[in-house]
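S.K.: Positions in the sequence shown are counted from 1; adding 139 to them yields the numbering used here.
Would you mind keeping the following structure in view while I ask a few things?
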Amino acid sequence: MSSPSVYIKTYGCQMNKLDSALVTSALRAAGFGLTDNAKEADVVLINTCSVRDHAEQRVLSHLGHLKHLKKTRPGLMVGVIGCMAQRLGEKLFQHEAVDLVCGPAQIPQIPQLLADALQEKKKTLAIKQKIRQTKKPEDQNLALEQFESAYGIEDRQLPGQAYVRVMHGCNRFCSYCVVPYVRGPEVCRPPAAIIEQIRKLADAGVKQVTLLGQTVNSYKYTAGEKTYCLADLLATASNIAGIEWLKFVTSYPAEEFLDEILQATADSPKVCHYLHMPAQSGSDKILRAMSRHYTAAQYLELLDKARAIVPDIAVAGDFIVGFPGETEEYFQATIDLTRKAKYKNCFIFKYSPRPGTRADKKLQDNIPAEVKKRRNIELLAVQERISDELSRDFLGRQVKVLVEGLSKKAHLNLDQSSSERQLVGRTAEDWIVVFNGPISLAGQFAKVKITKTSPLTLFG
Ligand code: 5AD
Ligand code: SF4
140 MSSPSVYIKT YGCQMNKLDS ALVTSALRAA GFGLTDNAKE ADVVLINTCS VRDHAEQRVL
200 SHLGHLKHLK KTRPGLMVGV IGCMAQRLGE KLFQHEAVDL VCGPAQIPQI PQLLADALQE
260 KKKTLAIKQK IRQTKKPEDQ NLALEQFESA YGIEDRQLPG QAYVRVMHGC NRFCSYCVVP
320 YVRGPEVCRP PAAIIEQIRK LADAGVKQVT LLGQTVNSYK YTAGEKTYCL ADLLATASNI
380 AGIEWLKFVT SYPAEEFLDE ILQATADSPK VCHYLHMPAQ SGSDKILRAM SRHYTAAQYL
440 ELLDKARAIV PDIAVAGDFI VGFPGETEEY FQATIDLTRK AKYKNCFIFK YSPRPGTRAD
500 KKLQDNIPAE VKKRRNIELL AVQERISDEL SRDFLGRQVK VLVEGLSKKA HLNLDQSSSE
560 RQLVGRTAED WIVVFNGPIS LAGQFAKVKI TKTSPLTLFG
């Protein structure tokens, strides 16, 4: 029999994209085939997200399609991996399409689990029974560390770019958030392993590395006498030849290490002037109910400080609207904060109660769906005006862009006689730039003159 081929579908955040890339590499190394075409796959793996109910519903509907597909392809194996696998565990087998359930901490076992499951044709469950055990988290994560160091070099999703995880999990327990329950406690990777990985990526032609952590600015690793923070990683990685841009996401609005990180950003020409630092709300009452340990004023002070050290830093944020108890007055405070913060862009989410979180247990989801929707639209409109103003500043200017590839609309303006296509890339400050050029530019830097702007996109 030829080697079984695997199709991986990824939902959710950059962490999940990275996990899928790691799994792809590991499966390839273990002799599996990988395919982009779900129809020809022997195995479909769905890497899932639990952060909002909507993300889980999309996965369930995908599983519905696979159930039908299995009627014509009884040998097809379906695996649910990632956050939803950890959250729901065995319950996922109630869905008859599901053969394999594997949590984020068990992804190093996937090649073996799949090989066994294919041979024995049995349902397979691999999740952490207790997500927060008493054992030292470093010891629990040895397998993950070995896995992470070994793979993830050749299966990047965008040419010339790679994600590198600096830490697993989260210790913050914001009251609405499921992440600490599904991804476990914070564990920082050893700096030597991270730097070695970036070096290998640079050797393989990677130009931009994005360091990933749920609260990336709290990265901290003690080895012997010295404690390393994210600023140390940024400074050391800046010395690696071939790496031209370094980004890091997501920052938690806390004092700890932020000064050092911003100083490292100002000092190194390679660290991009981009800060993704979610506020979640502009109301101190809601922030307290969310267990976010800062006030709106403190948040704005952090932004002032960031802009004092790195004057042109672009800031992105996240907000949750319709959190339990969010009155019109509290929502207005969020609008006020958004105006003052002058974000480049914001991600706005409607509150979605997550089973097991403190907000879900203690607070009633008492903001009606239509109010959440209206607030979402209203806040987006406020941000759109700010983004529009900021983007207009780019008119007539030339920007440096790392090209990702064809734009989403490239197929619409296909001119067969031209070798140029509509491409998309991003600037160091994470602005999206759409322009025409040869596809050979994918993974390369390009200079683009901006001729038109919209709130979220620069055109050149
Ligand atoms: N409901 C809505 N949005 C959420 N987020 C996290 N948990 C929830 C939830 N229960 C949002 C936060 C976070 C982003 C990744 O997702 O804004 O920053
Ligand atoms: Fe979730 Fe808060 Fe941790 Fe972010 S910092 S992953 S919102 S618990």
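Note that the Cβ used here is the ideal one computed from N, Cα and C, for glycine as well.
Distance, Cα to Cα, Y150 vs G221?
M.R.: Translated into the one-based positions of the sequence shown, residue 150 becomes position 11. Translated into the one-based positions of the sequence shown, residue 221 becomes position 82. Their backbone Cα atoms lie some 9 Å apart in a straight line.
S.K.: Whole-angstrom Cβ separation of L351 and L157, contact assumed at under 8 Å?
M.R.: For the purposes of this step, residue 351 is identified with residue 212 of the sequence shown, where counting begins at 1. For the purposes of this step, residue 157 is identified with residue 18 of the sequence shown, where counting begins at 1. The pair is a contact, with the Cβ atoms about 6 Å apart (cut-off 8 Å).
S.K.: I'd like the list of long-range same chain contacts for G344, defined as Cβ closer than 8 Å, with 5 residues on each side in sequence excluded.
M.R.: On the sequence shown, position 205 is the one that residue 344 refers to. The answer, listed in chain order, is G299, G381 and G582.
S.K.: Extract the residue ranges of the beta strand (DSSP E) inside the stretch 345-429, only unbroken runs of 3 or more that lie entirely within it.
M.R.: Note on the stretch 345-429: whole beta strand (DSSP E) runs with a minimum of 3 residues are 347-351, 359-362, 365-368, 384-388 and 413-415, in chain order.
S.K.: Does the Cβ of T273 have 16 or more other Cβ atoms within 10 Å, making it buried, or fewer, making it exposed?
M.R.: Taking the sequence shown and counting its residues from 1, the one referred to as residue 273 is at position 134. In this predicted model, T273 has a pLDDT of only 49, less than 50, meaning its place in the structure is not dependable; the value taken from the coordinates is given anyway. That one is exposed.
S.K.: Mind the definition here: the stretch 381-398 touches the stretch 420-428 only if three or more C-beta pairs lie below 8 Å; say whether that holds.
M.R.: no
S.K.: If you reduce the DSSP assignment to three classes, tell me which class S144 lands in.
M.R.: Position 5 of the sequence shown holds residue 144. Three-state result, S144: strand.
S.K.: Looking at the structure shown, is D569 part of a helix, part of a strand, or coil, going by DSSP?
M.R.: Residue numbering aside, residue 569 sits at position 430 when the sequence shown is read from its first letter. Of the three classes helix, strand and coil, the one that applies to D569 here is coil, per DSSP.
S.K.: Our contact map puts C485 next to D457 with C-beta atoms below 8 Å; I'd like the distance itself, whole angstroms only.
M.R.: Stepping through the sequence shown from its first residue, residue 485 is reached at position 346. Stepping through the sequence shown from its first residue, residue 457 is reached at position 318. Their Cβ separation, rounded to whole angstroms, is 7 Å, which keeps C485 and D457 in contact under 8 Å.
S.K.: If you draw a straight line from the alpha carbon of F470 to that of T354, how long is it in whole angstroms?
M.R.: Taking the sequence shown and counting its residues from 1, one reaches residue 470 at position 331. Taking the sequence shown and counting its residues from 1, one reaches residue 354 at position 215. Rounded to the nearest angstrom, the two C-alpha atoms are 25 Å apart.
S.K.: Consider the C-beta atom of I459 and the heavy atoms of the ligand 5AD; say whether any pair is separated by less than 7 Å.
M.R.: For the purposes of this step, residue 459 is taken as the residue at position 320 of the sequence shown. Yes, the Cβ of I459 comes within 7 Å of a heavy atom of the ligand 5AD.
S.K.: When you compare only the Cα positions, how much space is there between K269 and E523?
M.R.: Taking the sequence shown and counting its residues from 1, one reaches residue 269 at position 130. Taking the sequence shown and counting its residues from 1, one reaches residue 523 at position 384. About 43 Å.
S.K.: Should F574 be listed as close to the ligand SF4, given that the test is whether its C-beta is under 7 Å from any heavy atom?
M.R.: Numbered from 1 along the sequence shown, position 435 holds the residue referred to as residue 574. Every heavy atom of the ligand SF4 is 7 Å or more from the Cβ of F574, so no.
S.K.: Could you give the distance in angstroms between the alpha-carbon of F286 and the alpha-carbon of K339?
M.R.: Walking along the sequence shown from the start, residue 286 turns up at place 147. Walking along the sequence shown from the start, residue 339 turns up at place 200. In a straight line, the C-alpha of F286 is about 15 Å away from that of K339.
S.K.: Return the CA-CA distance between Q561 and V587, expressed in angstroms with no decimal places.
M.R.: By one-based count along the sequence shown, residue 561 stands at place 422. By one-based count along the sequence shown, residue 587 stands at place 448. Spanning the two alpha carbons is a distance of roughly 13 Å.
S.K.: When you compare only the Cα positions, how much space is there between K479 and L439?
M.R.: Locating residue 479 in the sequence shown gives position 340, where the first residue counts as 1. Locating residue 439 in the sequence shown gives position 300, where the first residue counts as 1. Roughly 8 Å between the two C-alpha positions.
S.K.: Relative to the ligand 5AD, is the shortest distance from any of its heavy atoms to the C-beta of S491 smaller than 7 Å?
M.R.: Taking the first residue of the sequence shown as 1, we reach residue 491 at position 352. Under cutoff, so the answer is yes.
S.K.: For C241, which option in A180, L597 and V162 has the closest C-alpha, if you only look at C-alpha atoms?
M.R.: The residue labelled residue 241 in the question sits at position 102 within the sequence shown. Among A180, L597 and V162, the Cα nearest to that of C241 belongs to V162.
S.K.: Identify the continuous alpha helix (DSSP H) that holds Y438 and give its terminal residues.
M.R.: Mapped onto the sequence shown, residue 438 falls at position 299. Per DSSP, Y438 belongs to the alpha helix (DSSP H) from A435 to I448.
S.K.: Answer yes or no: the CB of R191 versus the heavy atoms of the ligand 5AD, is any distance below 7 Å?
M.R.: Counting from 1 along the sequence shown, the entry for residue 191 is found at position 52. At least one heavy atom of the ligand 5AD is nearer than 7 Å to the Cβ of R191, so yes.
S.K.: Taking 6 Å as the limit, tell me which residues put their C-beta closer than that to any heavy atom of the ligand COA, in chain order.
M.R.: Ligands in the displayed structure: the ligand 5AD and the ligand SF4; the ligand COA is not one of them.
S.K.: Short of 6 Å in beta carbon distance, which residues of its chain neighbour V321, apart from the five on each side in sequence? Order them along the chain.
M.R.: Numbered from its first residue, the sequence shown carries residue 321 at position 182. Same-chain partners within the cutoff: S189, C222, Q225 and R226.
S.K.: Is A419 a contact residue of the ligand 5AD, with contact defined as CB to any heavy atom under 7 Å?
M.R.: Position 280 of the sequence shown, counted from the start, is the residue given in the question as residue 419. This sequence places Gln at residue 419; Ala is not what is there. Yes, the ligand 5AD has a heavy atom inside 7 Å of this Cβ.
S.K.: In whole angstroms, give me the CA-to-CA distance for K206 and A236.
M.R.: Locating residue 206 in the sequence shown gives position 67, where the first residue counts as 1. Locating residue 236 in the sequence shown gives position 97, where the first residue counts as 1. Computed Cα separation, rounded: 5 Å.
S.K.: Secondary structure at D457, three-state DSSP: helix, strand or coil?
M.R.: On the sequence shown, position 318 is the one that residue 457 refers to. Three-state result, D457: strand.
S.K.: So, using beta-carbon positions, are S144 and L184 closer together than 8 Å?
M.R.: In the sequence shown, residue 144 corresponds to position 5, counting from 1. In the sequence shown, residue 184 corresponds to position 45, counting from 1. No, Cβ-Cβ distance for S144 and L184 is not below 8 Å.
S.K.: Could you tell me the alpha carbon to alpha carbon distance between L202 and I249, rounded to whole angstroms?
M.R.: For this step, residue 202 is matched to residue 63 along the sequence shown. For this step, residue 249 is matched to residue 110 along the sequence shown. For L202 and I249, the distance between alpha carbons rounds to 19 Å.
S.K.: Please look up how many angstroms separate the CB atoms of V573 and F598, rounded, as I've assumed it's under 8 Å.
M.R.: By 1-based counting over the sequence shown, the position of residue 573 is 434. By 1-based counting over the sequence shown, the position of residue 598 is 459. With a Cβ gap of about 5 Å, V573 and F598 count as contacting.
S.K.: Any heavy atom of the ligand 5AD closer than 7 Å to the Cβ of F387?
M.R.: For the purposes of this step, residue 387 is taken as residue 248 along the sequence shown, with counting starting at 1. Incorrect: F387 has no Cβ contact closer than 7 Å to the ligand 5AD.
S.K.: Is it buried or exposed, E395, if we count other Cβ atoms within 10 angstroms and call 16 or more buried?
M.R.: By 1-based counting over the sequence shown, the position of residue 395 is 256. With fewer than 16 other Cβ atoms within 10 Å, it is exposed.
S.K.: My assumption, with CB atoms under 8 Å, is that L372 sits in contact with I333. Please give the rounded CB distance.
M.R.: As a working note, residue 372 is residue 233 in the sequence shown. As a working note, residue 333 is residue 194 in the sequence shown. Taking a contact as a CB-CB distance under 8 Å, the pair L372 and I333 counts as one, their CB atoms being some 6 Å apart.
S.K.: Under 7 Å: does the beta carbon of F488 sit that close to some heavy atom of the ligand 5AD?
M.R.: Translated into the one-based positions of the sequence shown, residue 488 becomes position 349. It does: the Cβ of F488 is within 7 Å (strictly closer) of some heavy atom of the ligand 5AD.
S.K.: Please list the terminal residues of the continuous alpha helix (DSSP H) segment that includes C222.
M.R.: Counting from 1 along the sequence shown, the entry for residue 222 is found at position 83. That run of the alpha helix (DSSP H) goes C222 to L227.
S.K.: In the DSSP output, which residue or residues are listed as bridge partners for Q561?
M.R.: Here residue 561 is taken as the residue at index 422 of the sequence shown, counted from 1. Looking at the DSSP assignment, Q561 forms a beta bridge with N575.
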